[in-house]
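Participant:
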Amino acid sequence: MTTASAPPLPDGLVVVVKRECETCRMVAPLLGQIGQIGQIGQTSLLGPHVTVYTQDDPGFPAGVGPIHDDDLSVSWHHDIETVPTLIRVAGGIEAERTVGWVRDEWRRITGISTLGDELPVFLPGCGSLSVDPDRVDALRAAFEGHLLHSRRIELADPEDEMEAMFQRGFTDGLPVVPPTEQRVLRMLQGTHRHPQEVVAVVAPDLVPATVEKVAVNAVMAGCLPEHLPWVIAALEAVCTDEFNIHGVLATTMPVGPVIVCNGPGTRAIGMNSEGNAFGQGNRANLTIGRAVQLVVRNVGGGRPGEVDRATHGNPGKISFCFAEREQDSPFTSLAVSRGCLPTDDAVTVFAGEGPRSVVDQKVRTATELANVFAACLRTLHSPKLVLAFDAILVVGPEHARVLADEGWDRERLLAELHQRLQLPGSELVWGAGGIADGVPMHLREATLPKFRPGGILLVHAGGGAGLFSAIIGGWANGAMGSEPVTRLVHAHPHAEDRELTEDRELTDQREVSR
Amino acid sequence: MTKILLDPTGERSAPHRERLPRPATLHGQVVGLLDISKPRGDVFLDRLEQLLVDAGVHVRRYRKPTFTKPAPVDLRHEIATQCTLVIEALAD
Numbered sequence: 000m001t002t003a004s005a006p007p008l009p010d011g012l013v014v015v016v017k018r019e020c021e022t023c024r025m026v027a028p029l030l031g032q033i034g035q036i037g038q039i040g041q042t043s044l045l046g047p048h049v050t051v052y053t054q055d056d057p058g059f060p061a062g063v064g065p066i067h068d069d070d071l072s073v074s075w076h077h078d079i080e081t082v083p084t085l086i087r088v089a090g091g092i093e094a095e096r097t098v099g100w101v102r103d104e105w106r107r108i109t110g111i112s113t114l115g116d117e118l119p120v121f122l123p124g125c126g127s128l129s130v131d132p133d134r135v136d137a138l139r140a141a142f143e144g145h146l147l148h149s150r151r152i153e154l155a156d157p158e159d160e161m162e163a164m165f166q167r168g169f170t171d172g173l174p175v176v177p178p179t180e181q182r183v184l185r186m187l188q189g190t191h192r193h194p195q196e197v198v199a200v201v202a203p204d205l206v207p208a209t210v211e212k213v214a215v216n217a218v219m220a221g222c223l224p225e226h227l228p229w230v231i232a233a234l235e236a237v238c239t240d241e242f243n244i245h246g247v248l249a250t251t252m253p254v255g256p257v258i259v260c261n262g263p264g265t266r267a268i269g270m271n272s273e274g275n276a277f278g279q280g281n282r283a284n285l286t287i288g289r290a291v292q293l294v295v296r297n298v299g300g301g302r303p304g305e306v307d308r309a310t311h312g313n314p315g316k317i318s319f320c321f322a323e324r325e326q327d328s329p330f331t332s333l334a335v336s337r338g339c340l341p342t343d344d345a346v347t348v349f350a351g352e353g354p355r356s357v358v359d360q361k362v363r364t365a366t367e368l369a370n371v372f373a374a375c376l377r378t379l380h381s382p383k384l385v386l387a388f389d390a391i392l393v394v395g396p397e398h399a400r401v402l403a404d405e406g407w408d409r410e411r412l413l414a415e416l417h418q419r420l421q422l423p424g425s426e427l428v429w430g431a432g433g434i435a436d437g438v439p440m441h442l443r444e445a446t447l448p449k450f451r452p453g454g455i456l457l458v459h460a461g462g463g464a465g466l467f468s469a470i471i472g473g474w475a476n477g478a479m480g481s482e483p484v485t486r487l488v489h490a491h492p493h494a495e496d497r498e499l500t501e502d503r504e505l506t507d508q509r510e511v512s513r
Numbered sequence: 000m001t002k003i004l005l006d007p008t009g010e011r012s013a014p015h016r017e018r019l020p021r022p023a024t025l026h027g028q029v030v031g032l033l034d035i036s037k038p039r040g041d042v043f044l045d046r047l048e049q050l051l052v053d054a055g056v057h058v059r060r061y062r063k064p065t066f067t068k069p070a071p072v073d074l075r076h077e078i079a080t081q082c083t084l085v086i087e088a089l090a091d
């Protein structure tokens, strides 16, 4: 597709070639013939006007007066991906094109029915220099850099760019990838959204974050372009009033956004849902979560010691993002349980602390497993505190197998857990058990649930070996604190699909909002 | 070669506002007491209110819906228009 700011092409036929290409060398003798198709006596019969652009050798092909597309601007703006490309231009507008050598196409477009009689019927072309992977980033910066509105930070020659990023307070304590124009433009290839579109208004400073600013921070985090739609979706979720990132930052509790990813896209971008899913070693897991946190830091102004008042924090506040192990899960996925389709890509954000393990290597029945899950869940934050906090229970595959063997699904396990977590007020009131905190004395005779309805989020993840699960404790829940929020990821939307998807997303948000 | 990087921040500079001078006396002041809804913040503010009222100061009480979110704009406006001083009880 020709871009809006493209240098105009002359009317007639336009051919883009490079000497390095064998097919171009094969068709080169034809280019002179096209312009002069016959001779009657001393009179030449003139064919269509031909303009030849050459990408490499300024003198190639000889005899046709080639124009050297030295900076590749013609090739870039007219989206030349293959050489040779033959284009017919009428009234300044491209009418048709063919790429490589397809004899019938060349004859049809030139109107010369005998063109290339001696040549094969078909020969594929070569890659255009304008899409050469070694050049494309520089070309994009040269021709599309104006799309980026961010302030340019010029570093002096002696300045170490990594140290410069630390000195300016842009990092989370680890080195970041310097966000050059080339890298940011490459990152933006991962989304269909315009660089200046606002993704979200980011607390605490309530600054609108554009797609461009998100891409800058995604570069710094180490993301690949295909990670960007996931970062955008997670940011949209984090910056809702329901999730309340302002409060999640400001609290003295050790929580940050935990991002659970669902859908086939998690596998397409190589996320880890298996061994060490919470740990190191997977680029997508680590950089998506890190990019979200860097946007909150750099765009929103949420920095430790300032609005972030955490007493201890947790290492997951650098990045805590993982995928659900859907392929062999006995449960419907977290996203499906929150209103998505199994084919949807989605993120669910949860204000959570670091994971803690649940160990039971002797468990053989689903009942035994529910017992140990409930016993561990009861201690969340304090065995005396109820109803105020949600949790994600991440069931490991070996534990999940115990449940699957007895046909326990998501609903059955959650029902069994809630049943076991009805607690006597006498054990919870202030001072009971020699522990000061708890619930007011007038609740002594009451029975209180540890979790509100829906307060346990179930996820299947982890490696194939180990009878272990994990609990990720939450922060103040509900309208007074933070609600988990699910958002669809729009990786490669087509216009018509997008409308449908967005309609459904609105429905989903209503369903998942408590 | 000069390196050019893109600014990752929101590129905003917050307007600088000077604090008002401390009043020389509480006489004639209207003091707002803002409870942010943390447990036992009211205990602290009850005691302050008693001390202030005993000193002849006019006191008004306010409460945020939740300590986890910034005060709603209407509440901020109400305090700003009704009080000359405000004391906020931050924590448990």
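Here the protein sequences line up with chains A and B, keeping their order. The opening position of the first sequence corresponds to residue 0 in numbering that gives the first Met the number 0, with each subsequent residue numbered one higher. The opening position of the second sequence corresponds to residue 0 in numbering that gives the first Met the number 0, with each subsequent residue numbered one higher. C-beta: ideal position from N, C-alpha, C; glycine also. This one's a predicted model, so the numbers in the text were calculated from it and none came from an experiment.
#1: Report the three-state DSSP secondary structure of Val-51 (chain A) (helix, strand or coil).
#2: Are any of the Cβ atoms in chain B nearer than 8 angstroms to that of Ile-231 (chain A)?
#3: May I ask you to report which of helix, strand or coil DSSP gives Lys-212 (chain A)?
#4: For Asn-266 (chain A), does the three-state DSSP call read helix, strand or coil?
#5: Listing by chain order, which chain B residues have their CB less than 7 angstroms from the CB of Met-219 (chain A)?
#6: Hey, how far is the Cα of Ala-290 (chain A) from the Cα of Arg-308 (chain A)?
#7: Applying a beta-carbon distance threshold of less than 7 angstroms, which residues of chain A neighbour Ile-86 (chain B)?
#8: Figure out for me which residue from A:Arg-363, A:Leu-248, A:Ala-345, A:Val-298 has the closest Cα to the Cα of His-311 (chain A).
#9: Just the chain B side, please: which residues come within less than 9 angstroms of Arg-139 (chain A) by C-beta, in chain order?
#10: Looking only at C-alpha atoms, which of A:Gly-454, A:Ile-287, A:Leu-386 sits nearest to Met-219 (chain A)?
#11: Which residue marks the beginning of the beta strand (DSSP E) containing Ala-283 (chain A), and which one marks its end?
#12: Would Ala-322 (chain A) pass as a contact of Cys-222 (chain A) if the rule is Cβ separation under 8 angstroms?
#13: Relative to chain A, which residues along the stretch 26-48 of chain B have a C-beta separation below 9 angstroms, given in chain order?
#14: Please tell me whether Leu-51 (chain B) has its Cβ less than 8 angstroms away from any Cβ of chain A.
#15: Once the 5 residues before and after Phe-40 (chain B) are set aside, which same chain residues still bring their CB inside 6 angstroms of it?
#16: Could you give the residue range of the beta strand (DSSP E) that holds Ala-365 (chain A)?
#17: Enumerate, from N- to C-terminal direction, the unbroken alpha helix (DSSP H) stretches of 4 or more residues contained entirely within the stretch 166-236 of chain A.
#18: Could you check where the alpha helix (DSSP H) with Cys-23 (chain A) kicks off and where it finishes?
#19: From the DSSP output, which residues share a beta bridge with Arg-151 (chain A)?
#20: What are the residues of the stretch 245-260 of chain A that lie near chain B, defined by any Cβ-Cβ distance shorter than 9 angstroms?
#21: So, is the C-beta of Pro-14 (chain B) closer than 8 angstroms to a C-beta in chain A?
#22: Would you mind working out which of A:Gly-124, A:Gln-279, A:Leu-368 sits nearest Ala-403 (chain A), comparing C-alpha positions?
#23: Measuring straight from C-alpha to C-alpha, what distance separates Asp-55 (chain A) and Arg-18 (chain A)?
#24: Looking at the C-beta of Ser-149 (chain A), does it have a partner C-beta in chain B at a distance below 8 angstroms?
#25: Compute the beta-carbon to beta-carbon distance between Arg-150 (chain A) and Glu-10 (chain B), rounded to the nearest angstrom, for a pair I have assumed lies under 8 angstroms.
#26: If you check the beta carbons only, do Phe-372 (chain A) and Ser-468 (chain A) fall under 8 angstroms apart?
#27: Could you give the DSSP three-state label for Thr-97 (chain A): helix, strand or coil?
#28: Take every Cβ of the stretch 473-489 of chain A, pair it with every Cβ of the stretch 382-391 of chain A, and state whether three or more of those distances are shorter than 8 angstroms.
#29: Give a yes or no on whether the minimum CB-CB distance between Lys-2 (chain B) and chain A is below 8 angstroms.
#30: Once you ignore the five residues that flank Ile-434 (chain A) on each side, which residues in its own chain have a CB closer than 8 angstroms to its CB?
Facilitator: Working from what's here:
#1: strand
#2: no
#3: helix
#4: Contrary to the premise, residue 266 (chain A) reads as Arg rather than Asn in this sequence. It is helical.
#5: Pro-7
#6: 21 angstroms
#7: The contacting residues do not exist; Ile-86 (chain B) stays about 19 angstroms from chain A at best.
#8: A:Leu-248
#9: The contacting residues do not exist; Arg-139 (chain A) stays about 14 angstroms from chain B at best.
#10: A:Ile-287
#11: Where Ala-283 (chain A) is concerned, there is no enclosing beta strand (DSSP E), although the alpha helix (DSSP H) it sits in stretches over 282-297.
#12: no
#13: Ser-36
#14: no
#15: In the sequence as presented, Phe is not what sits at residue 40 (chain B); that position holds Gly. The residues are Asp-34, Ala-88.
#16: It is not in any beta strand (DSSP E) - Ala-365 (chain A) instead sits in the alpha helix (DSSP H) that spans 365-377.
#17: 180-187, 210-220
#18: 21-34
#19: B:Leu-5
#20: His-245, Gly-246, Val-247, Ala-249, Thr-250, Thr-251
#21: no
#22: A:Leu-368
#23: 6 angstroms
#24: yes
#25: 6 angstroms
#26: yes
#27: strand
#28: yes
#29: yes
#30: Ser-381, Pro-382, Lys-383
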